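S.K.: Going by this note's numbering, the sequence shown opens with residue 1, and the numbers climb by one from there. The beta carbon of each residue, even a glycine, is placed where N, CA and C say it ideally should be. Computed from a predicted model, the values in this text were never measured in an experiment.
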Amino acid sequence: MMIFRYSVILGFLLLVSSCGDSASDGIKTSKDPGYEYMPDMYHSHAYETYSSNPNFSDSMSARLPVKGTIPRDFYPFEYTDDNSTDITYRNFNAAGDEMIDERLLSMDDYQKQKYSADGKQLYGMFCAHCHGKNGDGGQADGTIVEYFTNAPSFIDSLAPRIRSGKPMIDLLPGHIYHTIFYGYESMGPHASLVTDEERWKIIYYITELQNKEKN
1 MMIFRYSVIL
11 GFLLLVSSCG
21 DSASDGIKTS
31 KDPGYEYMPD
41 MYHSHAYETY
51 SSNPNFSDSM
61 SARLPVKGTI
71 PRDFYPFEYT
81 DDNSTDITYR
91 NFNAAGDEMI
101 DERLLSMDDY
111 QKQKYSADGK
121 QLYGMFCAHC
131 HGKNGDGGQA
141 DGTIVEYFTN
151 APSFIDSLAP
161 RIRSGKPMID
171 LLPGHIYHTI
181 FYGYESMGPH
191 ASLVTDEERW
201 KIIYYITELQ
211 NKEKN
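#1: Starting from Tyr182, follow the alpha helix (DSSP H) in both directions and report where the run begins and ends.
#2: Can you tell me where the alpha helix (DSSP H) with Lys120 in it begins and where it stops?
#3: If you compare alpha carbons, which of Leu193, Val194, His175, Gly188 is closest to Thr207?
#4: How many angstroms separate the CA atom of Tyr115 from the CA atom of Met41?
#5: CB Glu91 to CB His178, shorter than 9 Å?
#6: In chain order, what residues of the same chain lie with their CB nearer than 8 Å to the CB of Asn93, ignoring the 5 residues before and after it?
#7: Expressed to the nearest angstrom, what Euclidean distance is found between the alpha-carbon atoms of Gly68 and Pro76?
#8: Mind checking whether Leu158 and Pro152 have CB atoms under 9 Å apart?
#9: Between Ala95 and Tyr110, which are expected to be in contact by the criterion C-beta below 8 Å, what is the C-beta distance as a whole number of angstroms?
#10: Using alpha carbons as the reference points, say which of Ala117, Thr49, Tyr47 lies closest to Lys201.
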């Protein structure tokens with residue numbers, strides 16, 4: 001009986017203390033969680049991805065892969081982007097002429113539908129905020145273009161582009177791959193953000209948007 005009584009008293013004291021004031025200055029606020037029992041890893045000691053990091057000279061926590069290394073699922077890209085405009089344009093167009101997604105060659109219709117669905121999801125994550133959900137350059141729903149100029153429309157059939165001489169709707173998959181990898185003008189490079197397979201899924205979905213507009 002005594003043990004039960006002591007257990008009840010101890011439980012009551014723990015309950016009261018958990019609701020007590022844990023602020024160091026004695027002033028309790030609505031954000032004060034109270035005491036924590038064995039917080040363990042509740043509070044991460046790691047730096048947040050985009051927070052300032054004093055361990056690096058540029059203070060950036062988000063790091064690029066070490067030069068000369070190849071991350072898992074990433075592959076070397078032979079169509080380089082050079083400081084020379086002529087070389088860059090030549091490689092851009094070579095990528096357009098020569099690159100294909102070999103995965104598609106062995107896919108049935110069901111697999112292509114899944115591929116397209118994955119591409120749509122990735123497009124929504126990495127592209128739609130500038131280019132718009134329908135690839136129209138974000139004129140209707142691009143969140144970024146509310147503050148900046150409109151991004152190019154993937155379904156534009158009129159204005160020829162400087163690098164390819166083609167309108168956006170006629171860009172080939174390799175052209176788009178090169179642009180995703182290196183970026184272009186106000187668009188930053190996405191090589192470190194999406195894998196080779198993810199790039200091709202995005203491109204497949206963009207190609208579907210283009211074909212839908214053509215038909």
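M.R.: Taking the coordinates as given:
#1: 173 to 182
#2: 109 to 126
#3: His175
#4: 38 Å
#5: Correcting the residue identity first, residue 91 is Asn in this sequence and not Glu. Cβ distance < 9 Å, so Asn91 and His178 count as in contact.
#6: Arg163, Ser164, His175
#7: 10 Å
#8: no
#9: 29 Å between Cβ atoms; not a contact.
#10: Ala117
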